[in-house]
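Below is one structure, written out as structure tokens; comments come after it.
Numbering (this note's numbering), first residue to last: 1 to 739.
Have a look at this one:
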């Protein structure tokens, strides 16, 4: 027994205090180290890790199609037609290659130079991390005429790899369901986020076909395949920006084990859009490849312009990039990224490689295409003139804004307090709004600046044209902090609270958007510091007797009108259930959403009457209804319900689904209701995808809650007199009667 005092025994630090995290425990303990965070970004990063493995197969020349499916139960699968994960027994680990890849960190072909020449998953943690952070994961491998399957629970295998069938094709399918005890704030995949990444990968890997299927929204499918690769990418980015010439400049070179592909095209706008990628990874912070590209671009254009006497003096780099859209696609064997996030390339040898290739190919292109070259140089010369004009305009604004009272705009009603931390500026639209704002302000610390009309859209305007706009000059002078990245000085700002106060209509919203764009683009630090505010003036004023109430928007107005409608009435069901007050208010607000939800289904050629009856069914029953017997039970219920809402013929059929199978490989069943609505025959399907839709779930929840009202019909009764003022045959009619 230890002779140390109790306190010393408690404080002692030795090997007994060291916890060894075995296998994937470390990933579950500190997920942020492997996927960045446990919020929306990390949630989708799981998908990217699985997709990247399939893309690596494609880059190695073994895969031509990748299918991403978001399932109705919240899981997601990625399937490819590559070689399939090795299924033989690993020599060292004594387990199958599938189990090694799925359960061991830093396991994979990416560390062997002969396996993949280039790969996006540098750190080799990929699918094993997805496995660790999933509630369950299933992998199927089609290889050597057989199908192998294996399943996992939170990273632990349920058993060994099993042979589960035969197949003439090859490939891998990984299906997983993220563990929501780890991802507590994100409950579902965002299809738009996934589409953005899949489209990006399709551009970067010319000819590789991606299919993304959203079973949550009824099995909607989108396909992406671009034979033009990043040339098509540049065209896609520039599609609404008035390209300067029709075809993007495009070249690709493989040399010294490195591959470089460039696509660039100028447009008539003024923003620079350069997208750089290394091994399919978007390097948002740039790196040595971007430095090399910019340097070569400036040197090549400068050399051509001087040689052909198109300019008198040298061209600056920023002028060559105005209105430029470019995509850089680099593939190298061993990229060195700065940080685990892989957003900046650090390989020093890449700068010279990119600079040399771009210099050679761009110079050759300019020589061979003099008409396009002249357009590019003219665009750059115009940019240089505009930059010089902007510099002079800034000087003019700087001289005018010396911050003495005499230099301030005449329309500005300034405040008496000269302490910026206590001073507020309200920007209003027009002199009429300015007049009422001036009357209601506190002159001590509130200033008012009326602006006439809509300011210039600075997103699509040159700097000199922006400063030539009178209302913008007025605003810049009133604020007193200068403008632009070079001249803006936050220390000179005269107000630390700038409030945009426009009318509550469409024009007011447009003006607010234009002002927000101006501040974001030209005074970003002001936004970042939290000095910019938006006032929300009311849309309605409701006056009842001597009381007045201001209403911000249509939803609040509808809510108030509903409250007024239910004031003094109650709903009495045929089974004597009575509802009134706050409970009735909540029910009516929910029931008012039903017409909008049904219109969504009507657009998709479903019969709204049938959809509503689907929503009235026991939802727990229909969630389990993928077998013929259970659907026949639902058919019997619908046969009793539909005659009350459908006049004339209808049909209900239960049949095997042609494109779905259950987990055991048996066919799934679906229920089809045929009905005639306004002379048009419509077929409404009850499938697992249908009942998993967010809009249907909301509709079913509303109808489920409406059961608390009791049995139809419902009488609307005045509480004071006891008189019946309306009779509703269904819960849906209650909202119409009270509204």
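All residues carry an ideal CB built from backbone N, CA and C; glycine is no exception.
Are residue i and residue j closer than 9 angstroms when you measure CB to CB?
i, j, result
"residue 101", "residue 127", "yes"
"residue 445", "residue 415", "yes"
"residue 282", "residue 343", "yes"
"residue 139", "residue 195", "no"
"residue 724", "residue 715", "yes"
"residue 619", "residue 216", "no"
"residue 366", "residue 358", "no"
"residue 645", "residue 593", "no"
"residue 674", "residue 691", "no"
"residue 233", "residue 38", "no"
"residue 629", "residue 702", "no"
"residue 249", "residue 262", "yes"
"residue 605", "residue 543", "no"
For residue i, I'd like the list of residues in its chain whose CB is within less than 6 angstroms of its CB, leaving aside the five on either flank, ordered along the chain.
i, result
"residue 685", "670 and 672"
"residue 391", "none"
"residue 518", "458"
"residue 310", "377"
"residue 631", "625, 654, 669 and 671"
"residue 174", "50, 78 and 139"
"residue 68", "78 and 212"
"residue 278", "330, 335 and 345"
"residue 337", "none"
"residue 403", "Note that residue 403 has pLDDT 42, beneath the 50 cutoff, so the model's placement of it is unreliable and no number is given."
"residue 113", "Residue placement at residue 113 cannot be trusted, given a pLDDT of 49 that sits under 50; the coordinates are not used to answer."
"residue 550", "538 and 541"
"residue 199", "224"
"residue 129", "27 and 34"
With distance defined between alpha-carbon atoms, name the residue in the options nearest to residue i.
i, options, result
"residue 293", "343, 308 and 362", "362"
"residue 450", "436, 466, 427 and 441", "427"
"residue 455", "650, 580 and 476", "476"
"residue 82", "556, 249, 157 and 168", "168"
"residue 420", "490, 316 and 712", "490"
"residue 589", "734, 193 and 674", "734"
"residue 299", "542, 256, 317 and 313", "317"
"residue 375", "320, 526 and 314", "320"
"residue 494", "473, 353, 89 and 422", "422"
"residue 576", "540, 710 and 131", "710"
"residue 650", "656, 629 and 677", "677"
"residue 516", "205, 675, 472 and 703", "472"
"residue 524", "488, 508, 266 and 505", "488"
"residue 453", "466, 514 and 323", "514"
"residue 412", "474, 205, 52 and 464", "474"
"residue 214", "621, 707 and 693", "693"
"residue 80", "27, 172, 25 and 165", "172"
Beta-carbon within less than 8 angstroms of residue i's beta-carbon, same chain only, minus the 5 sequence neighbours each way: which residues are those?
i, result
"residue 236", "203"
"residue 353", "255, 256, 258, 260 and 292"
"residue 727", "713, 714, 715 and 716"
"residue 190", "40 and 44"
"residue 568", "718, 719 and 720"
"residue 510", "454"
"residue 209", "64, 65, 66, 202, 223, 224 and 225"
Looking only at its own chain, which residues have a Cβ that is under 7 angstroms from the Cβ of residue i, when we skip the five neighbours before and after it?
i, result
"residue 512", "500, 502 and 534"
"residue 627", "669"
"residue 87", "96, 97, 98, 141, 143, 148 and 161"
"residue 188", "74"
"residue 729", "712 and 713"
"residue 197", "48"
"residue 442", "none"
"residue 581", "none"
I'd like to confirm something about residue i: is its beta-carbon nearer than 8 angstroms to some heavy atom of the ligand FAD, or not?
i, result
"residue 534", "No copy of the ligand FAD occurs in the structure displayed, which carries no ligand at all."
Considering only DSSP beta bridges, list what residue i is partnered with.
i, result
"residue 579", "571"
"residue 287", "345"
"residue 69", "77 and 213"
"residue 654", "671"
"residue 497", "424"
"residue 742", "The displayed coordinates of the chain run from 1 to 739. Any statement about residue 742 would go beyond what the structure contains."
"residue 96", "89"
Should the segment 375–382 be regarded as contacting the segment 305–320, the criterion being three or more beta carbon pairs within less than 8 angstroms? yes
Please determine if the segment 586–603 and the segment 688–702 are in contact, where contact requires at least 3 C-beta pairs separated by less than 8 angstroms. yes
Would you call the segment 60–71 in contact with the segment 147–155, where contact means no fewer than 3 C-beta pairs closer than 8 angstroms? no
If we count Cβ pairs, one from each stretch, closer than 8 angstroms, do we get three or more for the segment 178–187 versus the segment 36–55? yes
Segment contact, 8 angstroms Cβ cut-off, at least three pairs: the segment 467–481 with the segment 277–291: no
How do the segment 237–245 and the segment 82–97 stand: do at least 3 beta-carbon pairs fall below 8 angstroms, yes or no? no
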